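Student: Please read through the structure below; I'll follow up with questions.
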């Protein structure tokens, strides 16, 4: 099969399509013929040699995919050859075929094309496992999303609104702010021209928000604490501005704040299966009802993976970028 190979740690130019061996499936896995895969920030970090796959996962890039099942392991009962699915991966999406534990596979939502279904698993599992399963965002609460126009951001806006939350976002251009508004965001803040803490306080009557979903890390940490209400929850899913910061524990104590952080890739297959089932039970109905839609900015053939990475790292896109074999 063909796969995108990282020839050496480095920039997008190190990505090459090569012939490699087909994956072998274990008894609890399925083999998917890939229709499409979506790009994620973790792909660029792995390309640089800083984000190795979990033990036992494919060494190739790609954290999600859609496609058709070609084979099933002998312990797999739910799925059969020919099923159209999408899946959360530990790696391997940038290839023509990928083996994945059966518990990380989802049916393609009705009304969504097989190709576009690749845009859902990683963002749905990330958002569901963080702001809902761990931070317990509930109807009537307020959510602040940094990077509202990203793949995670565009999804989080829609599903949080579906679940009854009020949503505030930050983004860096008028085009991105308008796109977030169209997806349902209640308050859109241009972080380049506005103090987001002051705007959050203004929009919440001085109270602050209940939950923050943050991929920025160091640069926003103190401002995030200032933006939270009493009993607020900060969930960190990335460190784009740096991983090291200082904390004034008096702020945390006085406001009874909760600081949480988690990645998705290194969770156990059993834990990922729990998240995937939660997504199928509580997110797929929103997609089927038309309340959550795919936001795909551009599609690239596998041979243009380097160009796709350049666009991803430029942050000029809105939503997801897809690759297809």
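Numbering (full-length UniProt numbering), first residue to last: 1 to 325. For every residue, glycine included, the Cβ atom is placed at its ideal position computed from N, Cα and C. Everything numeric in this text was worked out from a predicted model, so none of it was measured.
1) Output the distance between the C-alpha atoms of residue 276 and residue 155, rounded to the nearest integer angstrom.
2) Can you give the beta carbon distance from residue 326 to residue 108, rounded, assuming they're within the 8 Å contact cut?
3) Check whether the Cβ atoms of residue 325 and residue 34 sit closer than 8 Å, and answer yes or no.
4) Nearest by alpha-carbon distance to residue 194: which of 215, 172, 184 and 260 is it?
5) Buried or exposed: which applies to residue 214, given that a residue is buried once 16 or more other Cβ atoms fall within 10 Å of its Cβ?
6) Threshold first: 4 residues or longer. Then list the alpha helix (DSSP H) segments lying entirely within the region 26 to 59, N to C.
7) Is it the case that the region 133 to 144 contacts the region 196 to 210, given that we only count it when at least three CB pairs across the two stretches are under 8 Å?
8) Does the contact criterion of 3 or more C-beta pairs under 8 Å hold for the region 7 to 26 versus the region 77 to 91?
9) When DSSP builds the beta bridges, which residues end up paired with residue 209?
10) Among 1, 292, 306 and 16, whose alpha-carbon lies nearest the alpha-carbon of residue 119?
11) Using a Cβ-Cβ cutoff of less than 7 Å, which residues in the same chain neighbour residue 313 once the five nearest sequence positions on both sides are dropped?
12) State the Cα-Cα distance for the pair residue 87 and residue 8, rounded to the nearest angstrom.
13) Per DSSP, which residues does residue 85 bridge with? Please list them.
14) Buried or exposed, going by whether 16 or more other CB atoms sit within 10 Å of the CB of residue 124?
15) What's the call for residue 29, buried or exposed, on a 16-neighbour Cβ count within 10 Å?
16) Can you tell me where the alpha helix (DSSP H) with residue 310 in it begins and where it stops?
17) Just checking, does the region 254 to 268 make contact with the region 167 to 182 on the three C-beta pairs under 8 Å criterion?
18) Report yes if the C-beta distance between residue 38 and residue 64 is below 8 Å; otherwise report no.
19) Between residue 217 and residue 243, which are expected to be in contact by the criterion C-beta below 8 Å, what is the C-beta distance as a whole number of angstroms?
20) Looking at C-alpha atoms only, which residue of 224, 288 and 308 is the closest neighbour of residue 199?
21) Identify whether residue 277 lies in helix, strand or coil by the three-state DSSP scheme.
22) Thinking just about the alpha-carbon of each residue, which of 10, 11 and 6 is nearest to the one in residue 17?
Tutor: Taking the geometry as given:
1) The residue labelled residue 276 in the question sits at position 276 within the chain shown. The residue labelled residue 155 in the question sits at position 155 within the chain shown. Approximately 16 Å, taken between the alpha carbons.
2) Because residue 326 is not part of the residues shown, which for the chain are 1 to 325, the question remains open.
3) As a position in the chain shown, residue 325 is number 325, starting the count at 1. As a position in the chain shown, residue 34 is number 34, starting the count at 1. Yes.
4) Looking up residue 194 in the chain shown gives position 194. For the set 215, 172, 184 and 260, the Cα lying nearest the Cα of residue 194 is the one of 172.
5) For the purposes of this step, residue 214 is taken as the residue at position 214 of the chain shown. Flag for residue 214 reads buried.
6) Runs of the alpha helix (DSSP H) spanning 4 or more residues and lying entirely within the region 26 to 59 occur at 41 to 47, in chain order.
7) Using a C-beta cut-off of 8 Å, the region 196 to 210 makes contact with the region 133 to 144, since at least three inter-stretch Cβ pairs fall below that distance.
8) Touching, no.
9) Taking the chain shown and counting its residues from 1, one reaches residue 209 at position 209. Residue 209 is bridged to 228.
10) On the chain shown, residue 119 is found 119 positions in, with the first residue counted as 1. Per the Cα distances, 292.
11) Against the chain shown, residue 313 aligns to sequence position 313. These residues qualify, in order along the chain: 44.
12) Within the chain shown, numbered from 1, the residue matching residue 87 stands at position 87. Within the chain shown, numbered from 1, the residue matching residue 8 stands at position 8. Rounded to whole angstroms, residue 87 to residue 8 spans 27 Å at the Cα level.
13) For the purposes of this step, residue 85 is taken as the residue at position 85 of the chain shown. DSSP lists 67 and 107 as the beta-bridge partner residues of residue 85.
14) Here residue 124 refers to the residue found at position 124 when the chain shown is read from its first residue. Its Cβ being crowded by 16 or more others within 10 Å, residue 124 is buried.
15) In the chain shown, the residue the question calls residue 29 occupies position 29. In the assembly as shown, residue 29 is a buried residue. Its beta-carbon has 16 or more other beta-carbons within 10 Å.
16) Working through the chain shown from its first residue, we reach residue 310 at position 310. Where residue 310 is concerned, the enclosing alpha helix (DSSP H) stretches over 305 to 314.
17) Touching, no.
18) For the purposes of this step, residue 38 is taken as the residue at position 38 of the chain shown. For the purposes of this step, residue 64 is taken as the residue at position 64 of the chain shown. Yes, the Cβ-Cβ distance between residue 38 and residue 64 is below 8 Å.
19) As a position in the chain shown, residue 217 is number 217, starting the count at 1. As a position in the chain shown, residue 243 is number 243, starting the count at 1. 6 Å between Cβ atoms; contact.
20) In the chain shown, counting from the first residue as 1, residue 199 sits at position 199. Among 224, 288 and 308, the Cα nearest to that of residue 199 is on 224.
21) By 1-based counting over the chain shown, the position of residue 277 is 277. For residue 277, the secondary structure class from DSSP, reduced to helix, strand or coil, is helix.
22) Against the chain shown, residue 17 aligns to sequence position 17. Closest in alpha carbon position to residue 17, among 10, 11 and 6, is 6.
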